[in-house]
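Notes for the one structure printed next.
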Amino acid sequence: MMELRRLWKVKTKAIPTVVGALGTVPKGLEKNPKKAGTTINVELLQKTALLGTAHILRRVLESS
Numbered sequence: 092m093m094e095l096r097r098l099w100k101v102k103t104k105a106i107p108t109v110v111g112a113l114g115t116v117p118k119g120l121e122k123n124p125k126k127a128g129t130t131i132n133v134e135l136l137q138k139t140a141l142l143g144t145a146h147i148l149r150r151v152l153e154s155s
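Spelled out as structure tokens, the structure:
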């Protein structure tokens, strides 16, 4: 965040988001981004979390 402020000279705001390894998200996930004036694509977050978990599992299972 500090790098964005310094390089692009823009104001930034952190929105904490927790996504489980299998794509589980909390019920009130849409509320925080709306307060900041943005939207969030829950399906994209879930897909990214699931693909990341699959990548880690593949690496671990291939090395054993």
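Quick note on the working numbering: the sequence shown kicks off at 92 and runs consecutively.
For glycine and all other residues, C-beta sits at the position ideal for the given N, C-alpha and C.
Note that the coordinates shown come from a computational prediction; the quantities given were computed from them, not determined experimentally.
Could you work out which residue in the options is closest to residue i when comparing CA atoms only?
i, options, result
"residue 113", "95, 153 and 145", "145"
"residue 127", "93, 98, 97 and 104", "104"
"residue 108", "121, 151 and 141", "121"
"residue 129", "154, 101, 106 and 93", "106"
Which whole-angstrom value describes the C-beta separation of residue i and residue j, a residue pair presumed to lie in contact below a C-beta threshold of 8 Å?
i, j, result
"residue 140", "residue 111", "7 Å"
At 3 residues or longer, and completely inside the segment 116-148: list those beta strand (DSSP E) runs for me, N to C. Restricted to the segment 116-148, not a single beta strand (DSSP E) segment is unbroken, complete and at least 3 residues in length.
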